[in-house]
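Novice: Each number in our numbering comes from the position in the sequence shown (counting from 1) with 795 added on.
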Amino acid sequence: SGSSNEDGSINTTSTSVSTTAGFSISKFTGTNSNPTVGHGLGAAPTFIIIKNLGTTEGWGVGGLHLNNWNNYIPLEGTDASYNDATMWNDTAPTSTVFTVGTGNITNDQESMVAYCFAPKQGFSKFGSYTGNGNNDGTFVFCGFRPAWLMIKQSDATGTWIVVDNKRDGYNSIDKNLSPANSNAEDSGTDRVDFLSNGFKIRVGSSSAWNGSGSNIIYMAFAEQPFVNSKG
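Have a look at this one:
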């Protein structure tokens, strides 16, 4: 059930935190103003997913790699990211709080829930890569072998894509799902390789994975969270 967090200009009614995993869940009541909300991580989150629990408004996604918190993307749709100050008030989170604007998605006068993620070396990473449009695709360094990866082309329409190390169980990883729709699992060929220190895109024909010059955001979690003396 968590506990109240009083770091922000409005208090959360419940915040549950794992500083080890860099993940927190905060529940609060929106104000339709521009408040700050405590997240409890002790480090600035670089990826936040938020949902208005009281209405049919969609899910809102914000992150450092979405124009430095000036943009957002809906999780349930295929829209490109777009600038909207009513989402995050064009303000990056700090080590104690995140800021929401006046929009209904992030801060209606309803019960809201926010899932905040801060990167942890050897365990999680959140960022973006630039697609190159060919089968010798972009390599993304994570510092670990991923077990789970979600990507989204942020500068054009396209679905969110989720892959993992369980459904295929070997490279290349092809089976993927999208949280933006109810479609059955897709199983195209040669999509992505999970490597010991990151992932490499293996498809050049799909703009959603590897559009030439496209900005593609990602969140990745490790197969075996581990950090040695060299990071």
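Every residue, glycine too, gets a C-beta built ideally from N, C-alpha and C.
Predicted, not measured: the structure shown is a model, and the values here were computed from it.
Using the DSSP secondary-structure output, state which residues sit across from Tyr965 in a beta bridge.
Specialist: Paired residues: none, contrary to the question.
Novice: Output yes or no for whether 7 Å exceeds the beta carbon distance between Thr841 and Phe921.
Specialist: Result yes, Cβ atoms of Thr841 and Phe921 sit closer than 7 Å.
Novice: Which ranges does the beta strand (DSSP E) cover as unbroken runs of at least 3 residues, wholly within the stretch 967 to 992, from first to last along the chain?
Specialist: With a minimum length of 3 residues, the continuous beta strand (DSSP E) runs that stay inside the stretch 967 to 992 are 968 to 971 and 981 to 990.
Novice: In the structure shown, what three-state DSSP assignment does Trp883 receive?
Specialist: Here Trp883 sits in helix by DSSP.
Novice: Within the same chain, show all residues whose beta-carbon is closer than 8 Å to that of Thr952, passing over the 5 residues directly before and after it, in chain order.
Specialist: Within the same chain, Thr952 has close Cβ partners Thr873, Asp874 and Ala875.
Novice: DSSP has Gly855 in a bridge; who is on the other side?
Specialist: BP columns for Gly855 point to Ile845 and Pro869.
Novice: Touching or not, the stretch 930 to 946 and the stretch 850 to 864, by the rule of three or more beta carbon pairs under 8 Å?
Specialist: Touching, no, given that fewer than three Cβ pairs across the two stretches are closer than 8 Å.
Novice: What residue ranges within the stretch 880 to 920 form continuous beta strand (DSSP E) runs of no fewer than 3 residues, ordered along the chain?
Specialist: Taking only runs of at least 3 residues, the beta strand (DSSP E) segments lying wholly in the stretch 880 to 920 are 892 to 894 and 906 to 912.
Novice: Mind checking which residues open and close the alpha helix (DSSP H) that includes Asn862?
Specialist: Unbroken run through Asn862: none, as it is neither H nor E.
Novice: Can you tell me whether Trp1004 is helix, strand or coil according to DSSP?
Specialist: Helix.
Novice: In the DSSP output, which residue or residues are listed as bridge partners for Asn1010?
Specialist: In the DSSP output, where bridge partners are listed per residue, Asn1010 has Thr925.
Novice: Leaving out five residues on either side along the sequence, give the residues of the same chain with a beta carbon under 7 Å from the beta carbon of Arg997.
Specialist: Only Asn930, Gly932, Ser967, Asp985, Arg986, Val987 and Asp988 meet the Cβ criterion.
Novice: Could you give the first and the last residue of the continuous beta strand (DSSP E) run that contains Ser828?
Specialist: Element bounds for Ser828: n/a, residue is neither H nor E.
Novice: Would you identify the three-state DSSP class for Ala839, choosing helix, strand or coil?
Specialist: Coil.
Novice: Measuring straight from C-alpha to C-alpha, what distance separates Ala975 and Glu871?
Specialist: Going by the C-alpha atoms only, they are around 4 Å apart.
Novice: Can you tell me whether Ala979 is buried or exposed? The criterion is at least 16 other CB atoms within 10 Å of its CB, across all chains shown.
Specialist: Exposed is the call here.
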